[in-house]
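Same order as they appear, the protein sequences are chains A and B.
Each residue of the first sequence is one higher than the one before, counting from 1 in full-length UniProt numbering.
Each residue of the second sequence is one higher than the one before, counting from 1 in full-length UniProt numbering.
Don't be surprised by glycine CBs; every beta carbon is placed ideally from N, CA and C.
Below is one structure, written out as structure tokens, with a few remarks after it.
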Amino acid sequence: MKSSESTLVHTETGSKVIRGSKTIETARTKGLSRKAKDNLAGYLFISPWLIGFLGLTLGPLLFSLAASFTDYNITSKMNFIGLDNYKRMFTMDDLFRTSLFNTVYYVIFSVPLTTAGAIVLAVLLNQKIKGMKFFRTIYYLPAVLSGVAVYFLWMQLLSPSTGLVNTMLGWFGIEGPAWLFDPEWTKPALLMMKMWSVGGGMLLYLAIMQGVSPQMYEAADIEGASPWQKFYYITLPMISPIIFFDVITSTIGAFQIFQEAYVMTENGSGGPGNSLLFYNLHMWNNAFEVFDMGYASAMAWLLFIIVMVLTAVNMKLGKRWVHYEGGDGK
Amino acid sequence: MKRGLAVILAVFMLIGLLAGCSGEQKAEAEKTKDGKVIVDFWTFWGSETRRPIIEKIIDDYNNSQDKVFVKHTFLPWGDIWTKNLASVAAGNPADVIVNDINTVAQRAENKQVEDLSQYIDDSFKQKFYPHLWETVEYDGKSYAVPFNTDTRLLFYNKTAFKEAGLDPEKPPATWAELEEYAKKLDIKNGDKYERVGFYPLWGSVGASSWMTNADDGNGFIEDGELSINTPKKVEAMNWIIDWKKRLGEKTVQAFQAEFGSEQANPFIAGKVAMWVDVGTFYTQLRDYGQDVEFGVAPIPAYEEGSGNWAEGGGFVVEIPKGAKHPEEAMDFIKYLTDVEAQKHWSVKNYDNVANIEAAEAALNELQGPDKMVYEASVKNLEQTKMFPVPVEYPDYHSRLNPHIDNALLGKTTPEKALKQAEEDIEKMKK
């Protein structure tokens with residue numbers, strides 16, 4: 001048990017353990033240096049994750065890339081067909097275009113709306129008023145609730161004649177639309193639903209706003225700045241890193257919209273007149289309804305490329321407007 | 001010492017993880033302690049009503065012999081077939097599974113299901129309704145055995161008929177009569193409808209059913225030929241659109257959004273006087289609509305003598321490709337589709353079973369309204385058409401439905417919609 005021999009040394013800052021030089025020699029004689037041993041232990045500890053990543057993430061990822069060049073149908077076929085799947089998307093599949101349009105429509109509206117909504121809400125909830133904790137909890141609550149139950153709740157709220165939304169519009173003499181039953185209104189209905197859950201983003205903004213130094217606002221007050229000026233020249237630049245983060249993650253999230261349409265349309269069909277046939281829903285149908293896994297894989301990789309490019313553009317543009325305190329933005 | 005312990009611990013964790021992944025347990029579980037072969041049977045029948053019925057059938061089978069033990073695995077609707085596919089691909093599927101009747105050929109083509117021809121002879125085939133047996137044949141081989149089927153009937157509210165001055169023993173026989181009756185059965189309060197006599201797209205019926213009904217029972221693809229853009233089908237769509245115009249888009253959407261099942265079903269709640277649904281809709285009427293005095297009739301014919309064509313669906317039992325015990329599985333399938341089991345299923349569910357003798361035997365056991373509905377549905381099988389999805393057009397529904405939707409929403413005309421649908425589907429031919 002030589003390796004456990006060590007000396008306890010008392011220092012000014014406390015006590016620490018200094019191992020004797022014998023220990024190192026013992027390790028060397030066993031063929032592995034201490035560093036290698038440490039590394040080995042480290043890798044072994046993370047091995048569940050490593051195996052999971054290699055087997056369950058990287059493996060399938062590469063497999064789906066390979067499958068996208070074949071007519072793979074899960075059970076019998078896997079013939080190499082080159083770029084046919086990719087060609088088919090652009091030349092033969094009308095539903096591909098519909099689904100891409102619906103998805104882009106959703107991204108274009110949902111990302112700015114939810115970002116702005118979350119910021120406005122955070123500003124309102126950042127006031128020093130009594131009972132603010134209560135309101136913060138209330139507004140955050142919808143972000144905690146999620147999943148199918150919420151979609152069912154919204155289906156009730158959006159019911160044309162007895163739903164709460166149209167009943168409330170009725171108080172003001174407005175006859176509400178049929179929402180999920182009218183192709184003109186299905187996407188706005190989903191956007192409205194999305195706005196309900198901006199609490200998640202709100203919490204991030206609130207956290208960073210709390211960190212903005214009050215001296216800056218005091219200085220601005222002395223200079224006679226209006227509330228709007230304070231928001232525009234102080235708050236906005238200070239929270240810009242979070243805006244940046246929020247825009248990137250919500251863009252990625254919006255491109256992947258699936259559940260809402262799958263749950264809220266009849267048989268997951270994509271709604272009246274395909275108005276809610278989103279990219280991922282069309283992909284899912286190809287994969288699990290028609291078992292055209294090769295084509296679905298190709299669609300998945302195209303989506304990956306689209307999201308990659310958009311994120312890269314965001315990163316590039318981000319340098320212009322994101323303000324990093326105490327750094328040069330790199 | 002501590003470091004050494006850490007390494008050992010990590011190694012154990014790794015071994016544990018790998019052991020967890022291996023399929024050791026599975027191999028042991030294929031036989032019971034007393035040596036019976038375990039046959040894993042996947043169904044989506046997990047409801048309070050259905051589960052005891054199927055489990056009794058399984059128990060009876062298990063007690064009837066000493067070679068096979070059938071284990072029932074319930075998987076929720078929607079999950080069951082995705083899971084089946086994954087397990088077929090992984091080479092470890094169930095032994096028997098309940099699957100959709102209209103897509104057997106697809107699975108045969110994609111090698112997801114075992115060929116059962118070696119176990120099946122002509123005398124076995126003849127036990128089943130021929131229009132059902134056709135759906136399980138592909139390329140001259142049999143890939144499944146029909147289990148149950150359904151058909152659509154017109155349920156009508158006799159009390160409402162009397163109130164409207166109609167003869168409750170004379171349901172509408174043609175489309176013209178259906179319209180005439182429906183108008184009499186409507187109850188309007190100012191602008192708002194309190195009761196709608198009839199609307200063709202409510203209930204378990206869609207535009208495609210009416211288009212088939214008008215077109216002498218012809219579906220969208222007949223013997224491999226597209227038959228989508230036909231004059232009769234265009235006419236049927238225009239007919240549906242006229243209903244919508246008369247009632248108003250708002251009424252239709254408002255009613256539709258509030259439909260539910262059981263007490264909230266609009267026919268049971270008395271909000272709609274005539275309603276097309278499958279035979280088993282009767283169980284809801286029996287349990288939640290005790291006060292509803294109703295009658296059943298075939299779906300009205302397009303015109304006198306043109307046939308009361310209805311669309312049918314249903315389920316088959318089959319052996320997924322690569323199942324370990326096909327012989328034992330087939331033994332169980334034969335039991336499941338034989339007279340005794342089928343009769344039990346039928347009497348308890350009022351469901352149309354595929355075995356002809358069982359269907360007729362069930363009829364003799366039922367009484368009163370049970371018998372009335374069941375008899376009507378069995379009789380209706382003669383005018384019921386199955387529309388198996390052709391392998392050349394595996395996803396034709398996803399191309400067709402949006403065009404039908406667009407026409408019904410008034411975005412385009414039925415002529416243009418069906419013409420476009422036919423062109424789109426032609427392009428997708430495999």
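Check, Outcome
"Inter-stretch contact at 8 Å, needing at least 3 Cβ pairs: the region 297 to 313 of chain A / the region 239 to 251 of chain A", "yes"
"Inter-residue Cα distance where the pair is A:R28 and A:R34", "Low confidence applies to A:R28: its pLDDT is 48, below 50, so where it sits in the model is not reliable, and the reading given next is rough at best. A:R28 and A:R34: Cα-Cα distance of roughly 8 Å."
"Whole-number beta carbon distance between B:W133 and B:G203, since they are thought to touch under 8 Å", "Incorrect: roughly 28 Å between the Cβ atoms, too far for contact."
"Min CB distance B:N189 to chain A below 8 Å", "no"
"Residue-level contact to chain B via CB, A:L169, 8 Å cutoff", "no"
"Neighbouring residues, chain B, relative to A:E289 (Cβ below 8 Å)", "D395, S398"
"Against chain B: residues of the region 50 to 70 of chain A by CB proximity under 8 Å", "I51"
"Where A:G42 falls, given that 16 or more other Cβ within 10 Å makes a residue buried", "exposed"
"Per-residue DSSP class, three states only, for B:N99", "strand"
"Members of the region 69 to 84 of chain B near chain A, C-beta cut-off 7 Å", "T82"
"C-beta contact flag for B:M386 and B:H131 at 8 Å", "yes"
"Three-way DSSP call (helix, strand, coil) for A:E25 in this model", "A caution first: A:E25 carries a pLDDT of 46, below 50, which makes its placement in the model too unreliable to give a value."
"Per-residue DSSP class, three states only, for A:F172", "coil"
"Spatial neighbours of B:K158 in its chain, beta-carbon cut-off 7 Å, leaving aside the 5 residues before and after", "P168, E293, F294, G295"
"Beta carbon proximity, B:L409 to chain A, threshold 8 Å", "yes"
"Minimum Cβ-Cβ distance from A:G176 to chain B less than 8 Å", "no"
"Assumed close pair A:L277, A:L61 - CB separation to whole angstroms, cut-off 8 Å", "The pair is not a contact, with the Cβ atoms about 25 Å apart (cut-off 8 Å)."
"Own chain partners of B:D287 with C-beta closer than 8 Å, once the 5 adjacent residues on each side are dropped", "E262"
"Residue span of the beta strand (DSSP E) that contains B:G314, given as start and end", "314 to 318"
"Anticipated Cβ contact below 8 Å, B:N352 with B:A358, distance rounded", "No, B:N352 and B:A358 are not in contact; Cβ-Cβ is about 10 Å, not under 8 Å."
"Member of A:V290, A:Y279, A:G318 whose CA lies at the smallest distance from the CA of A:V104", "A:Y279"
"Beta-carbon proximity check, B:L247 vs B:V205, cutoff 8 Å", "no"
"8 Å Cβ cutoff met for B:Q106 and A:P160", "no"
"Continuous alpha helix (DSSP H) stretch holding B:I299: start and end", "Neither: B:I299 is in no alpha helix (DSSP H) and is coded neither H nor E."
"Span separating the alpha-carbon of B:T135 from that of A:T57", "39 Å"
"Unbroken stretches of the alpha helix (DSSP H), 4 residues or longer, contained in the region 132 to 202 of chain B", "158 to 163, 175 to 185"
"Sub-8 Å separation of A:G201 and A:A118 beta-carbons", "yes"
"Spatial distance of A:A296 from B:N349 (CA atoms)", "39 Å"
"Residues of the region 81 to 97 of chain A with Cβ closer than 8 Å to any Cβ of chain B, in chain order", "M92, D94, L95"
"8 Å contact criterion, which A:F244 and A:V107 should meet: CB distance rounded", "Not a contact, Cβ separation roughly 17 Å."
"Spatial distance of B:V98 from B:K188 (CA atoms)", "46 Å"
"Inter-residue Cα distance where the pair is B:K141 and B:S117", "6 Å"
"B:E225, buried or exposed, once every other Cβ within 10 Å from all chains shown has been counted against 16", "exposed"
"B:E177 beta carbon less than 8 Å from that of B:P298", "no"
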